[in-house]
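Counting along the sequence shown from 1, when you hit position 162 you're at 162 in the UniProt record's numbering, and nothing is skipped either side. Every residue gets a Cβ at the ideal spot worked out from N, C-alpha and C, and that includes glycine. Only a predicted model underlies this, so the values are computations on that prediction, with no experimental measurement involved. Here the structure comes first, spelled out in structure tokens, and everything after it is commentary.
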Amino acid sequence: MQSRKHLRGRAERARHVVVAGGGIAGLETVLALRRLAGDHVRLTLVTRAALMVERPAAVAEPFPRAIAFNSNHDVRAFAHDQGVDLVFDRLVEVHGPGRTVLLASGRRPSFDALVIATGAGLRNALPGATTFRGRTDVIAMRGILDDLRSGRAHSIAFVLPGMSSWPLPLYELALMTGAELSADRIEGVAITVVTPEPEPLAIFGPAARIALEPLLAERAVTVRTGALAAGVEPGRVILDDGEWVAADRVLALAAPSPRAPIGVPTDDGFVPVDEYGRVVGLDGVYAAGDVTARPLKQGGLAAQQGDAVAQAIAAEMGVLEQPRPYRPVIRGLLLVGGPPLYLRAALREHDATTLEPLPGASRASREALWWPPAKVAAGYLAPYFSTASPHSAKLHDRPGRPTGTRWQRPWPVAR
């Protein structure tokens with residue numbers, strides 16, 4: 001194995017890498033490249049927003065008793081700290097042969113390598129339901145809670161619109177609703193999760209189901225698995241098989257919608273990539289995160305894709321001998337209305353359309369299964385934004401402690 005110093009000597013000049021997108025995948029790629037290539041890479045970050053908002057943390061905001069997370073991060077301070085040229089603009093088109101991009105402002109910067117990390121849009125996948133996309137829908141969720149407390153509504157269905165949507169927030173909303181109503185001594189409200197999954201949080205394997213069963217029972221949450229919602233009528237959710245679920249209020253997660261730039265190949269609107277994040281048919285162009293055609297859109301997986309891209313670029317530059325391909329490990333910090341539940345599973349892609357947990361790779365614990373215990377478990381980004389770990393560290397897994405059949409009570413009842 002050649003030393004990193006010797007490998008870096010092979011890089012003749014600082015390569016210019018343009019990273020388009022200031023979300024989790026984009027910032028993780030920047031950090032990984034800076035760690036791997038140092039000053040051998042010149043980085044330009046193109047983003048429209050001055051803040052990077054961790055959307056998964058917004059799920060706690062409707063609930064006054066929930067754990068609060070620091071979910072806003074200053075992109076200007078990040079860029080300054082990492083020595084990155086920051087451009088507030090939007091990627092419109094990629095010209096692969098000329099290695100240039102067109103930005104919304106009309107600028108046409110060139111690149112040695114381009115990383116497309118522009119994410120996906122969010123669309124309402126179930127007309128008639130209240131759609132939860134994140135912070136913009138916190139007020140709507142609070143309104144639903146008020147209806148349940150006041151008796152204006154007696155039932156609610158939380159709906160996963162399809163298998164491409166990240167399911168964890170749905171269970172968090174349902175479980176925290178149950179905990180909130182219990183703490184307020186509100187009884188008789190029917191809470192149902194409607195999901196096409198074969199079992200609750202199936203992506204995490206059997207350990208998740210075993211850990212969730214007592215939680216769901218204590219919060220009085222019923223789960224209707226193998227159920228795909230087809231529409232909403234007054235007082236019920238209609239399923240695609242003609243059956244229905246009673247619900248005075250219906251809240252559905254948003255579904256991802258494509259927004260790839262012009263000039264890149266797409267598969268149903270999303271960008272196809274190989275195991276190193278290389279865009280099929282375009283030299284020097286990579287993609288990571290929700291913009292890609294990989295199954296399941298989730299922040300931790302987006303960060304892992306960014307890490308694989310950074311490894312591939314560093315190897316192409318000659319500063320890394322052997323890049324590591326994308327091998328997904330799903331991590332989820334489940335907010336439940338009480339001590340959180342940590343879930344982890346190693347995954348494999350099945351027919352390039354779905355992900356499934358590897359046998360024996362499913363873990364659930366009341367103790368943190370990774371450190372720092374961030375809501376978005378990104379390899380470099382989580383330690384960087386955490387006060388629980390120095391900036392030089394990388395997120396690492398921990399064994400945790402298996403959950404038992406009993407669980408601590410939800411938020412205490414006010415007396």
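Residue i - DSSP class collapsed to helix/strand/coil
i, result
"Thr353", "coil"
"Ile262", "strand"
"Phe270", "strand"
"Leu7", "Low local confidence applies: a pLDDT of 42 at Leu7 is under 50, so the model's placement there is unreliable, with the coordinate-based value given in what follows. Reduced to three states, the DSSP call for Leu7 is helix."
"Asp290", "helix"
"Ser71", "coil"
"Val309", "helix"
"His16", "strand"
"Gly332", "strand"
"Gly281", "coil"
"Phe385", "coil"
"Val193", "strand"
"Gln126", "Sequence check: residue 126 is Leu here, not Gln. DSSP places Leu126 in coil when its eight states are reduced to three."
"Ala303", "helix"
"Met52", "strand"
"Tyr342", "strand"
"Ala104", "coil"
"Val59", "helix"
"Leu358", "strand"
"Arg415", "At Arg415 the pLDDT is 27, less than 50, meaning the model places this residue with poor confidence; the figure from the coordinates comes in the next sentence. DSSP places Arg415 in coil when its eight states are reduced to three."
Residue interval of the beta strand (DSSP E) (run including residue i)
i, result
"Val223", "221-224"
"Ile186", "Careful: Ile186 lies outside any beta strand (DSSP E) and carries neither H nor E."
"Arg123", "121-123"
"Arg42", "41-47"
"Ala157", "155-159"
"Thr131", "130-132"
"Arg401", "Taken as a continuous stretch (DSSP letters only), Arg401 belongs to no beta strand (DSSP E), as it is neither H nor E."
"Phe88", "85-88"
"Asp239", "Note that residue 239 is Leu in the sequence shown here, rather than Asp. That run of the beta strand (DSSP E) goes 236-239."
"Leu114", "113-116"
Between the CA atoms of residue j and residue i - distance to the nearest angstrom
i, j, result
"Val319", "Val17", "14 Å"
"Ser182", "Arg219", "8 Å"
"Gly360", "Arg123", "35 Å"
"Ile24", "Gly96", "24 Å"
"Trp371", "Glu180", "29 Å"
"Arg278", "Ala287", "7 Å"
"Pro272", "Ser386", "32 Å"
"Leu341", "Ala202", "15 Å"
"His40", "Leu228", "50 Å"
"Ala208", "Gly98", "48 Å"
"Phe204", "Asp112", "38 Å"
"Asp241", "Ile191", "21 Å"
"Arg401", "Ser257", "38 Å"
"Pro383", "Ala58", "20 Å"
"Thr47", "Leu355", "30 Å"
"Gly178", "Asp74", "34 Å"
"Ser105", "Ala20", "14 Å"
"Pro62", "Pro109", "42 Å"
"Gly269", "Gly121", "11 Å"
"Glu187", "Ser150", "11 Å"
"Leu78", "Arg35", "According to the sequence as given, residue 78 is Phe; it is not Leu. Approximately 14 Å between the Cα atoms of the pair."
"Ala11", "Arg344", "Low confidence applies to Ala11: its pLDDT is 45, below 50, so where it sits in the model is not reliable, and the reading given next is rough at best. Straight-line Cα distance between these residues: approximately 38 Å."
"Asp147", "Ala153", "5 Å"
"Arg55", "Ile238", "29 Å"
"Ala157", "Val194", "7 Å"
Nearest neighbour of residue i, chosen from the options [CA to CA]
i, options, result
"Gly26", "Leu91, Phe132, Ala58", "Leu91"
"Leu114", "Glu93, Arg398, Leu148", "Glu93"
"Ala14", "Leu36, Leu33, Arg42", "Arg42"
"Gly332", "Pro265, Arg366, Arg35", "Arg366"
"Leu253", "Tyr384, Tyr171, Gly188, Ala346", "Tyr171"
"Ala125", "Leu160, Arg135, Ser150", "Leu160"
"Leu216", "Pro198, Ala174, Gly188", "Ala174"
"Gly306", "Tyr326, Ala315, Gln322, Met317", "Tyr326"
"Ala302", "Met317, Glu275, Glu321, Ala129", "Glu275"
"Ala364", "Ala312, Val376, Thr130, Leu212", "Leu212"
"Leu282", "Thr100, Gln322, Thr44", "Thr100"
"Val285", "Ile330, Gly300, Ala310, Gly299", "Ala310"
Anticipated Cβ contact below 8 Å, residue i with residue j, distance rounded
i, j, result
"Ala260", "Val291", "6 Å"
"Val250", "Arg224", "Not confirmed; about 13 Å, so no contact."
"Gly235", "Pro196", "With a Cβ gap of about 22 Å, Gly235 and Pro196 do not count as contacting."
"Ala308", "Arg294", "In fact, because the Cβ distance is near 11 Å, the residues do not count as touching under 8 Å."
"Ala117", "Met317", "With a Cβ gap of about 19 Å, Ala117 and Met317 do not count as contacting."
The alpha helix (DSSP H) enclosing residue i, as first and last residue numbers
i, result
"Ser257", "Careful: Ser257 lies outside any alpha helix (DSSP H), inside the beta strand (DSSP E) at 255-257."
"Ala230", "Here Ala230 belongs to no alpha helix (DSSP H); instead the beta strand (DSSP E) covers 229-233."
"Glu28", "24-37"
"Val138", "138-150"
"Glu93", "Not the alpha helix (DSSP H): Glu93 falls in the beta strand (DSSP E), residues 91-95."
"Ala377", "That residue, Ala377, is in no alpha helix (DSSP H); it is neither H nor E in DSSP."
"Ile203", "Per DSSP, Ile203 belongs to no alpha helix (DSSP H) and is neither H nor E."
Residue i Cβ short of 8 Å to the ligand NAD heavy atom set
i, result
"Ala361", "You won't find the ligand NAD in this model; it holds no ligand whatsoever."
CB contact below 9 Å: residue i versus chain C
i, result
"Glu218", "Of the chains in the structure shown, none is chain C; there is only one protein chain."
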